[in-house]
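Just so you know, we're using UniProt numbering here: the sequence shown kicks off at 1 and counts up by one. Think of the CB as a built atom: it goes at the ideal place given N, C-alpha and C, for glycine as much as any other residue.
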Amino acid sequence: MLKIEGLKKTFENFKIDNISFEANPGEIVVVIGENGSGKTSLINMIMGMFKAEDGVIRVNGITEDEDPIGYKNSIGFVYDEFNFYQNLKLKDYKKIVSMFYRNFDDDKYEFYFRNARLDPEEKIKHLSKGQCEMLMIATALSHHANLIILDEPVAGLDENVKHAFLQSLKSYVKKENAAAVIFTHNINDLEDIYDKAVYMDKGRMVIDMTRKEIIREFRIIRTSEDIIESIKANVIGVERYKNYCEALVKISGNSDVRDLLHNADVYKIKNPDINDIIYYYRLGGRRND
């Protein structure tokens with residue numbers, strides 16, 4: 001669905017530096033990064049607002065240059081804020097957006113619209129943030145897009161709206177065999193739905209891993225400084241305390257490290273989640289004694 005290869009772009013005080021990853025049919029991918037990490041720039045490049053200096057972006061196997069209309073119609077986009085057509089009633093908004101997409105499905109739009117309990121007579125400017133998000137998801141999922149791009153979609157939503165929003169997205173990805181890419185600075189609300197995580201930092205891609213790869217390839221251990229030193233080539237990040245260390249360790253492809261997990265001096269072992277992976281990558285080596 002989405003394939004990004006070797007993407008580079010230099011801005012005035014920032015650059016996108018060799019980004020490559022894929023979002024395949026049936027996958028929900030989260031792209032995580034702090035403000036200034038390059039998420040918004042990458043979104044703008046996917047959406048065709050900025051041209052890459054090097055590399056390529058393909059949606060459904062085509063670039064925007066090869067088929068601009070087909071490329072755009074393959075993407076559904078959910079903004080972080082909705083600032084368009086503020087004085088329109090929702091019934092009139094539907095008439096406008098239905099003209100934008102050649103595969104607009106009126107029944108599908110009405111399905112998501114009704115599920116969100118939106119009022120066609122209401123004006124957009126009177127909608128809450130949650131209602132705006134549900135309106136955008138109704139639009140994004142109504143034209144059989146193969147790729148859904150979402151920018152901070154659940155930030156500020158109450159729990160009920162958040163749950164409904166994510167369930168709609170999961171259902172669509174499964175039924176349509178589509179891909180979704182969610183850009184966020186906080187993965188906590190998305191921990192249960194993602195299949196793959198990409199972590200960006202200062203315009204570069206640091207992590208590109210599936211949930212299964214994270215579980216298979218890493219462990220968090222509590223042990224002595226001597227043990228950490230003996231496997232330092234496999235240590236991603238470590239916190240040093242007065243009497244012990246806690247570290248994220250890469251265990252795949254190294255039988256010595258895997259054997260070490262059975263050492264009596266390794267007295268705590270934990271499977272990490274993506275937040276742990278990001279934390280230790282940022283950490284490097286820190287002393288807390």
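For residue i, which three-state DSSP category applies?
i	result
S168	helix
L283	helix
G38	coil
K242	coil
R102	coil
K51	coil
A140	helix
D289	Residue confidence for D289 is low, a pLDDT of 48 falling below 50, so the modelled location carries little weight; the figure read from the coordinates is stated next. Residue state, collapsed to three classes: coil.
I228	helix
I277	helix
F111	helix
I193	coil
I187	coil
N263	coil
D158	coil
S255	helix
G83	Reading off the sequence shown, one finds Asn at residue 83, where the question assumed Gly. The answer is coil: DSSP assigns N83 none of H, G, I, E or B.
L118	coil
Per DSSP, which one or two residues make a beta bridge with residue i?
i	result
A180	I28 and I148
V235	V249
V78	L150
Y199	I32 and I207
I4	F21 and I57
K270	I220
T10	K15
K123	K89
I62	V59
Beta-carbon within less than 7 angstroms of residue i's beta-carbon, same chain only, minus the 5 sequence neighbours each way: which residues are those?
i	result
N56	Residue 56 is actually Val in this sequence, not Asn. Answer for V56: E5 and T63, listed in chain order.
D289	In this prediction, D289 scores a pLDDT of 48, lower than 50, which makes its location untrustworthy; no coordinate-derived value is stated.
N87	K123 and K125
I274	I187, A197 and I214
K39	V31, G33, F183 and M200
E27	A179, D195 and K196
Within its chain, find whatever has a CB closer than 6 angstroms to the CB of residue i; leave out the 5 residues flanking it on each side and keep chain order.
i	result
A23	M1, L2, V29, A179 and V181
H144	N103
I278	Y199
A116	M134
S37	M200 and D201
V154	K162 and D189
H185	E34
Do residue j and residue i have their beta-carbon atoms positioned less than 7 angstroms apart in this structure?
i	j	result
N271	I215	yes
I221	V257	no
V161	G203	no
R140	Y112	Position check: residue 140 holds Ala in this sequence, whereas Arg was assumed. No, Cβ-Cβ distance for A140 and Y112 is not below 7 angstroms.
R219	V249	yes
I16	D151	no
K95	S142	no
M209	I19	no
N146	N60	yes
C245	I228	yes
I236	Y281	yes
K174	I193	no
Y79	Y85	no
N177	P25	yes
Report all residues from its chain with a CB closer than 8 angstroms to the CB of residue i; omit the five preceding and five following residues, and keep chain order.
i	result
E121	K89, L90 and K91
M47	I75, F77 and I149
F50	K9, S41 and N44
L157	K129, G130, E133 and F165
N73	Y101, R102, N103, H143 and A145
F11	S41
Given 8 angstroms as the limit, is there contact between the stretch 24 to 35 and the stretch 190 to 202, that is, 3 or more CB pairs closer than that?
Because the criterion of three Cβ pairs below 8 angstroms is met, the stretch 24 to 35 and the stretch 190 to 202 touch.
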